[in-house]
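Asker:
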Amino acid sequence: MPRDTIWTTIASKLRDDIAQRAYAPGDRLPTEAELSARFGVNRHTVRRALADLADAGLVQSRRGAGVFVMARPMDYPLGRRVRFHQNLAESGRTPGRKITRAETCPANDAATEGLGLPAGVPVHVIEGVSFADDQPMAAFRSVFPAGRFPELLVALQTETSVTAALAACGLTDYTRRDTRLTAKLADPVLALALQIRPGAPVLRSVAVNVDAEGIPVEYGTTWFAGDRVSLTVAADQA
17 MPRDTIWTTI ASKLRDDIAQ RAYAPGDRLP TEAELSARFG VNRHTVRRAL
67 ADLADAGLVQ SRRGAGVFVM ARPMDYPLGR RVRFHQNLAE SGRTPGRKIT
117 RAETCPANDA ATEGLGLPAG VPVHVIEGVS FADDQPMAAF RSVFPAGRFP
167 ELLVALQTET SVTAALAACG LTDYTRRDTR LTAKLADPVL ALALQIRPGA
217 PVLRSVAVNV DAEGIPVEYG TTWFAGDRVS LTVAADQA
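Whatever position you read off the sequence shown (first residue = 1), add 16 for my numbering.
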């Protein structure tokens, strides 16, 4: 067999294994050494086959952990009420969140405009990564008026979601006023947070949420991993 076809044969067999759920989404594939022994080839050939599967979006390499089977892109509806944890739970996946920044600081120009606040007023800035079944799905930055929610950062320490923290601060419901979507390429910092390669496509969502009176309560920016999320906009929300 010509050597340049060996890795394609291995990739094809691994595709079949994944399709037949020998390896389910989230499962770790055997190590390169184990696959080399299974197919009787060197690790370089196995590595080339795994790279082909990664390019097709079937697997993902996680540094220090191994190669994992990827789930199908999560359907994420963009409507008047966008709730990450609720959307995941309804799709049968386990939500998670890691907060990397939570502080109060003067609002920048974008947040000032989005929230309709005077320049430089205090705002709460919350940044982090959202997960589905322990896989990073999106990085986010949310900005809230500190004057309206003075105890938000305290509530966030005990509540399971931003929505729950806002409810603890007296805001029991809010809706999406507008959303702007833009295709971007991940820079090294974003790529590290989402565990994707630098330059991989991401979808950036910039949105303003408002209360029942139409007053802005959140200016949020979210970067979705392009191959893990399918954003859906209903006809009545377009």
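C-beta: ideal position from N, C-alpha, C; glycine also.
Which of the three DSSP states is assigned to residue 226 in this structure?
Answerer: strand
Asker: Which of the three DSSP states, helix, strand or coil, is assigned to residue 157?
Answerer: Residue 157: strand per DSSP, three-state reduction.
Asker: Quick check: what's the CA-CA separation for residue 75 versus residue 228?
Answerer: 43 Å
Asker: Please say whether residue 139 and residue 160 have beta carbons closer to each other than 8 Å?
Answerer: yes
Asker: Confirm, please, whether the CB-CB distance from residue 86 to residue 41 is below 8 Å.
Answerer: yes
Asker: Residue 84 by DSSP, collapsed to three states: which one?
Answerer: strand
Asker: Throw me the rounded Cβ distance for the residue 153 and residue 97 pair, which I believe falls under 8 Å.
Answerer: Actually they do not touch by this definition, with Cβ atoms about 18 Å apart.
Asker: Thinking just about the alpha-carbon of each residue, which of 109, 78, 115 and 84 is nearest to the one in residue 92?
Answerer: 109
Asker: Considering only residues of the segment 92-120, which uninterrupted alpha helix (DSSP H) runs meet the minimum length of 4 residues and lie entirely inside it, listed in chain order?
Answerer: 100-106
Asker: Need the endpoints of the beta strand (DSSP E) that residue 204 sits in, please.
Answerer: No beta strand (DSSP E) holds residue 204; the alpha helix (DSSP H) holding it covers 204-210.
Asker: For residue 239, which residues does DSSP report across the bridge?
Answerer: 155 and 220
Asker: Does the distance from the CB of residue 63 to the CB of residue 49 come in under 8 Å?
Answerer: No. Outside cutoff.
Asker: Mind listing, in chain order, the continuous alpha helix (DSSP H) runs of no fewer than 4 residues lying wholly within the segment 37-81?
Answerer: Scanning the segment 37-81 from its first residue to its last, the whole alpha helix (DSSP H) runs of 4-plus residues come out as 48-55 and 59-71.
Asker: To the nearest angstrom, report how far apart residue 163 and residue 156 are at their CA atoms.
Answerer: 22 Å
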